[in-house]
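Residue numbers (the UniProt record's numbering): 1 to 223.
No residue lacks a Cβ here, since even glycine has one placed at the ideal position from N, Cα and C.
Following: one structure in structure tokens, then a few remarks.
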């Protein structure tokens with residue numbers, strides 16, 4: 001019997017409910033996940049009290065306070081404390097000691113990133129840097145609608161086909177031979193056209209391309 005969607009949802013504790021953590025908590029709850037939000041600031045907690053399953057005023061630096069809030073019963077912890085380096089590191093240590101299986105943490109700098117990685121965080125996020133890179137990529141080349149990092153320097157970019165390429169086929173682009181990249185597919189409206197060499201392109205088609213950053217940039221600069 002197939003599992004229902006409820007059985008594959010996970011539970012999340014978000015510690016630090018400022019703009020970054022509050023947005024994560026709100027979106028996870030909107031997706032139907034059980035979310036516990038924790039913050040030392042009463043206003044941050046009250047702002048989310050009617051949005052997520054549970055919102056608690058507590059200090060993430062205190063492992064006993066996290067236990068009393070029930071944080072140890074959640075699958076994933078996100079430490080979203082933004083400005084207090086000490087609180088961020090102590091909270092990360094506490095959720096690891098509580099045995100939470102997966103821990104994501106917001107870092108304040110590259111040095112902080114290295115510290116959190118050594119502590120065993122499963123994912124360390126530098127949101128300003130990551131978003132800055134994301135925006136710069138799209139500003140640099142207007143045909144790039146969006147891109148996704150896959151790790152190990154591989155990315156997927158989503159390109160708006162410009163008027164200059166209308167009528168050309170995917171084979172005409174020589175993605176593999178010239179740029180060492182790979183087409184993952186072409187969308188025309190809601191229709192998926194595939195990625196065979198004989199697919200003819202039209203202006204405003206959307207094409208997804210996989211490759212390393214330098215190779216994708218080289219390809220994008222030719223458009």
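{"query": "CA nearest to the CA of residue 43, picked from 95, 108 and 57", "result": "57"}
{"query": "Straight-line gap, residue 6 to residue 34 (C-alpha atoms, nearest Å)", "result": "With a pLDDT of only 45 at residue 6, under 50, the local geometry of the prediction cannot be trusted, and the value read off the model is given with reservation. Each residue's alpha carbon lies about 10 angstroms from the other."}
{"query": "CB of residue 75 within 8 angstroms of CB of residue 10, strictly", "result": "yes"}
{"query": "Alpha-carbon spacing of residue 156 relative to residue 148, whole angstroms", "result": "5 angstroms"}
{"query": "For residue 55, the three-state DSSP class (helix, strand or coil)", "result": "strand"}
{"query": "Beta bridge counterpart(s) of residue 143 as assigned by DSSP", "result": "Residue 143 pairs with nothing; no bridge assigned."}
{"query": "Start and end residues, beta strand (DSSP E) containing residue 95", "result": "Run containing residue 95: none in the beta strand (DSSP E); it sits in the alpha helix (DSSP H), 85 to 97."}
{"query": "Residues bridged to residue 211 [DSSP beta-bridge criterion]", "result": "155"}
{"query": "Euclidean distance between Cα positions of residue 193 and residue 28", "result": "32 angstroms"}
{"query": "The beta strand (DSSP E) enclosing residue 184, as first and last residue numbers", "result": "182 to 188"}
{"query": "Beta-carbon contacts of residue 141 that lie in its chain and below 6 angstroms, excluding the five residues immediately before and after", "result": "220"}
{"query": "Residues near residue 160 in its chain [Cβ-Cβ closer than 7 angstroms; skip 5 each side]", "result": "143, 145, 204 and 206"}
{"query": "DSSP bridge partner residues for residue 39 (one or two, in chain order)", "result": "57"}
{"query": "Distance between residue 210 and residue 202 (C-alpha atoms, nearest Å)", "result": "20 angstroms"}
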